[in-house]
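Asker:
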Amino acid sequence: MNAAPADQIRLLDVQDLDVRLTQLDHRRTTLPEHAEIRALESEIGQQRDLLVAAQTEESDTAREQTKAEQDVEQVRTRAARNQRRLDSGEITSPKDLENLQSELVSLGRRQDDLETVVLEIMERNEAAAERAKELGAAVAGLEDKLTEAVGRRDAALREIDQEAEQVRGRRAEAAGGIPDPLLKLYDRLRRQYGGVGAARLHQKRCEGCRQELALTELNEVRQAPADAVLRCGNCSRILVRTPESGL
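Per the numbering used here, residue -16 is the first one in the sequence shown, and the count goes up by one each step.
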């Protein structure tokens, strides 16, 4: 294949722009904000699970407390009713009086036990409520951090996309004057060899594989016509000669 030396040198400009596009794409996918956002989302998920558990416990203990308080109230009502009967004097049978007094004593013990249960449930409810409050604040704080990190990521992505758009425009302009066969060969080699399809020969060294050309290869390059499209014997990339090639 043959191509004007100027077109071959222009190919190096296209290569430089393609390298920059690759760098921008790599930067786009490896922004530190990506990992930060994933970590925050994971932590938020864990904290939300804990928050739901605390809220559920708060709700359950609130219902449990209501039931226990109703039990206490029932015992109080029955004890008050029995006390009124005892105070009214309407019960004259000694046995009935003894049974009523015994029941009042039993109801008093039952009320004490139930009130102790209510206090224990109240403590658990208050602890769950405090835990839910703390977790709610923690989740809110993490969500604020997530919002800030997403904002930084989106700003960085916009900056990368803007530069990539500019580079693609310059790339299209640079590639516009290159003969189609040469450009197709370059694109094929670029896909085949890790994004680099053309490399300059600089001081007798291929900048694609960083290998210095052997003496016989250098002699072949020196003898080749100026418009010959050469390939590196080591890496097979297009080898572009420039005034700095050291020939």
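Positions of the beta carbon are idealized from the N, C-alpha and C atoms, including for glycine.
In three-state terms, what does DSSP make of Ile221?
Answerer: Three-state DSSP puts Ile221 in a strand.
Asker: When you compare only the Cα positions, how much space is there between Arg153 and Leu0?
Answerer: C-alpha separation (whole angstroms): 8 Å.
Asker: Spell out the partners DSSP gives Arg183 in its beta bridges.
Answerer: BP columns for Arg183 point to Val223.
Asker: Using 10 angstroms around the beta-carbon of Asn108, count the other beta-carbons present and answer buried if the total reaches 16, otherwise exposed.
Answerer: Answer is buried; the Cβ neighbour count reaches 16.
Asker: Am I right that Arg(-7) and Ala157 are in contact with their C-beta atoms under 8 Å? What's the rounded C-beta distance?
Answerer: Going by Cβ atoms, the distance from Arg(-7) to Ala157 rounds to 6 Å, so yes, they are a contact pair.
Asker: Can the beta-carbon of Leu118 be found less than 9 Å from the beta-carbon of Glu26?
Answerer: Their beta carbons are not under 9 Å apart, which means Leu118 does not touch Glu26 by this criterion.
Asker: Alpha carbon to alpha carbon, how far is Pro67 from Gln57?
Answerer: In the sequence as displayed, the identity of residue 67 is Arg instead of Pro. About 15 Å.
Asker: Measure how close the beta-carbons of Arg183 and Leu(-5) come, nearest whole angstrom, since I'm counting them as under 8 Å.
Answerer: Correct: roughly 6 Å between the Cβ atoms.
Asker: If you run the structure through DSSP and keep just helix, strand and coil, what is Arg188?
Answerer: DSSP places Arg188 in strand when its eight states are reduced to three.
Asker: According to DSSP, is Ala(-14) helix, strand or coil?
Answerer: In the structure shown, Ala(-14) sits in coil (DSSP, three-state: anything other than H, G, I, E or B).
Asker: The alpha helix (DSSP H) that contains Arg193, what's its start and end?
Answerer: Counting along the chain, Arg193 falls outside any alpha helix (DSSP H), and DSSP gives it neither H nor E.
Asker: To the nearest angstrom, how far is it from the Cα of Gln84 to the Cα of Leu97?
Answerer: Taking the straight line from one Cα to the other gives about 20 Å.
Asker: Between which two residues does the alpha helix (DSSP H) containing Ala111 stretch?
Answerer: Element bounds for Ala111: 77 to 158.
Asker: Drop a sphere of 10 angstroms on the beta-carbon of Val204, count the other beta-carbons inside from all chains shown, and report buried for 16 or more, exposed for fewer.
Answerer: Result: buried.
Asker: Whole angstroms is fine: what's the gap from Glu195's alpha carbon to Ala181's?
Answerer: Between Glu195 and Ala181, the C-alpha separation is close to 16 Å.
Asker: How should Arg224 be labelled, buried or exposed, when 16 other C-beta atoms within 10 angstroms of its C-beta is the threshold for buried?
Answerer: Its Cβ being crowded by 16 or more others within 10 Å, Arg224 is buried.
Asker: Going by DSSP in three states, Leu213 sits in which element: helix, strand or coil?
Answerer: DSSP places Leu213 in strand when its eight states are reduced to three.
Asker: Within the continuous alpha helix (DSSP H) that includes Leu14, where are the two ends?
Answerer: Run containing Leu14: none; DSSP gives neither H nor E here.
Asker: Drop a sphere of 10 angstroms on the beta-carbon of Thr44, count the other beta-carbons inside from all chains shown, and report buried for 16 or more, exposed for fewer.
Answerer: Its Cβ being crowded by 16 or more others within 10 Å, Thr44 is buried.
Asker: For Leu168, collect the residues of the same chain with a Cβ closer than 8 Å to its Cβ; drop the 5 residues on either side in sequence, then sort them by chain order.
Answerer: Answer for Leu168: Met(-16), Gly180, Val212, Ile221, listed in chain order.
Asker: Could you check whether the segment 129 to 148 touches the segment 7 to 22, counting it as contact only if at least three pairs of C-beta atoms, one from each stretch, sit closer than 8 Å?
Answerer: Touching, yes.
Asker: Taking C-alpha atoms, which residue in Thr12, Gln(-2), Arg31 lies nearest to Ala115?
Answerer: Checking every option, the nearest Cα to that of Ala115 belongs to Arg31.
Asker: Would you kindly check if the distance between the Cβ of Arg151 and the Cβ of Leu14 is under 9 Å?
Answerer: No; because the gap between Cβ atoms is not below 9 Å, this pair is not in contact.
Asker: For Ile27, which three-state DSSP category applies?
Answerer: The answer is helix: DSSP assigns Ile27 an H, G or I state.
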